[in-house]
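Numbering (this note's numbering), first residue to last: 54 to 338.
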Ligand code: ARG
């Protein structure tokens with residue numbers, strides 16, 4: 054039990070759900086026959102945005118594009134670490150056109166940007182912790198993307214095999230809480246990957262099936278506050294016991310596309326002290 058969890062201000066990129074809809078099905082959560090309540094989706098997204106701002110984080114926006122109803126799930130747009138950006142290459146045709154929008158967004162700012170060659174769904178499948186990059190595969194990002202990502206960021210990638218279609222991205226089954234701590238749902242991973250996680254993170258918070266089913270693991274932590282979907286009640290209680298402050302958000306409508314809090318949040322790094330909100334380092338391309 055730790056009572057001294059420390060929050061650090063972060064910088065996030067979000068995409069308003071202006072064109073959010075469920076008009077195709079690329080994961081088991083999506084049912085195009087059921088209409089989406091766009092207004093409710095907007096309110097739910099706005100609540101996540103407001104919570105981040107209230108917590109002192111910098112939230113930037115990328116303009117949503119018509120015809121790209123999944124663009125609200127900005128976590129998939131790229132992987133960002135230390136000012137370097139590997140822009141996603143989407144598996145499904147329906148999302149392919151999001152990548153150039155993210156590429157343009159990052160290109161217009163002082164980041165060191167590269168477009169991924171391999172199928173790679175950004176922070177949906179790549180989560181940094183300490184010196185490691187945890188990487189999911191099995192449904193979206195292809196195996197070769199792990200080596201590409203490792204080489205680009207010069208960070209050891211730990212490949213994890215996802216085995217349940219409901220948890221098709223790593224960030225639906227595992228969340229990084231701070232530089233040493235994760236929470237995850239073991240059954241979403243193949244036995245060998247469960248073993249790897251047990252060895253690397255013996256003190257992890259283990260989610261139960263109920264918490265996982267409401268996308269409780271699709272959460273964003275600043276080291277102290279953990280924004281997670283409402284309904285993940287035992288997970289929230291466990292977080293509290295471990296010294297974190299859970300903050301819940303209702304994401305029922307966003308879940309209809311197969312995404313929750315983390316899916317709507319692309320983590321750009323620590324909050325910048327530069328007055329223009331830009332990362333105070335510039336790499337050429
Ligand atoms: N409908 C989107 C898809 O299937 C949801 C993406 C959720 N994002 C995430 N980071 N898990 O691609």
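Virtual Cβ for every residue (Gly too), placed ideally from N, Cα, C.
Using C-beta distances below 6 Å, list every residue in its chain close to residue i, excluding the 5 sequence neighbours before and after it, in chain order.
{"i": "residue 95", "result": "70"}
{"i": "residue 288", "result": "260, 264 and 269"}
{"i": "residue 134", "result": "181 and 206"}
{"i": "residue 151", "result": "121 and 124"}
{"i": "residue 138", "result": "131, 159, 164 and 166"}
{"i": "residue 229", "result": "180, 182 and 235"}
Could you name the residues of the same chain whose beta carbon sits closer than 7 Å to that of residue i, not counting the 5 residues immediately before and after it, in chain order?
{"i": "residue 277", "result": "58, 59, 60, 297 and 298"}
{"i": "residue 90", "result": "306"}
{"i": "residue 67", "result": "102, 112, 114, 127, 317 and 318"}
{"i": "residue 80", "result": "221 and 311"}
{"i": "residue 189", "result": "178, 213, 215, 222 and 223"}
Please classify residue i: is it buried, with 16 or more other beta-carbons within 10 angstroms of its beta-carbon, or exposed?
{"i": "residue 233", "result": "exposed"}
{"i": "residue 77", "result": "exposed"}
{"i": "residue 291", "result": "buried"}
{"i": "residue 275", "result": "buried"}
{"i": "residue 141", "result": "buried"}
{"i": "residue 198", "result": "buried"}
Measuring straight from C-alpha to C-alpha, what distance separates residue i and residue j?
{"i": "residue 84", "j": "residue 74", "result": "10 Å"}
{"i": "residue 204", "j": "residue 285", "result": "36 Å"}
{"i": "residue 329", "j": "residue 193", "result": "For residue 329, the predicted structure reports a pLDDT of 48, less than 50, and the residue's modelled location is therefore unreliable. The matter cannot be settled from this model."}
{"i": "residue 195", "j": "residue 146", "result": "15 Å"}
{"i": "residue 212", "j": "residue 191", "result": "10 Å"}
{"i": "residue 315", "j": "residue 72", "result": "19 Å"}
{"i": "residue 279", "j": "residue 273", "result": "6 Å"}
{"i": "residue 143", "j": "residue 98", "result": "23 Å"}
{"i": "residue 313", "j": "residue 119", "result": "21 Å"}
List the whole-angstrom C-beta distance separating residue i from residue j, where the pair is believed to meet the contact cut-off of C-beta under 8 Å.
{"i": "residue 129", "j": "residue 177", "result": "4 Å"}
{"i": "residue 231", "j": "residue 271", "result": "No, residue 231 and residue 271 are not in contact; Cβ-Cβ is about 17 Å, not under 8 Å."}
{"i": "residue 19", "j": "residue 250", "result": "The requested residue 19 does not occur in the structure, where the chain is confined to residues 54 to 338."}
{"i": "residue 64", "j": "residue 325", "result": "6 Å"}
Continuous beta strand (DSSP E) assignments of at least 3 residues falling wholly in the stretch 55 to 120 = Correct list: 63 to 67 and 111 to 114.
* To do: Would you mind listing the beta strand (DSSP E) stretches within the stretch 278 to 323 that are 3+ residues and don't spill past its ends, in chain order?
  => Complete beta strand (DSSP E) runs here, min 3: 278 to 282, 298 to 302 and 319 to 323.
Continuous beta strand (DSSP E) assignments of at least 3 residues falling wholly in the stretch 199 to 231: 209 to 214 and 227 to 229
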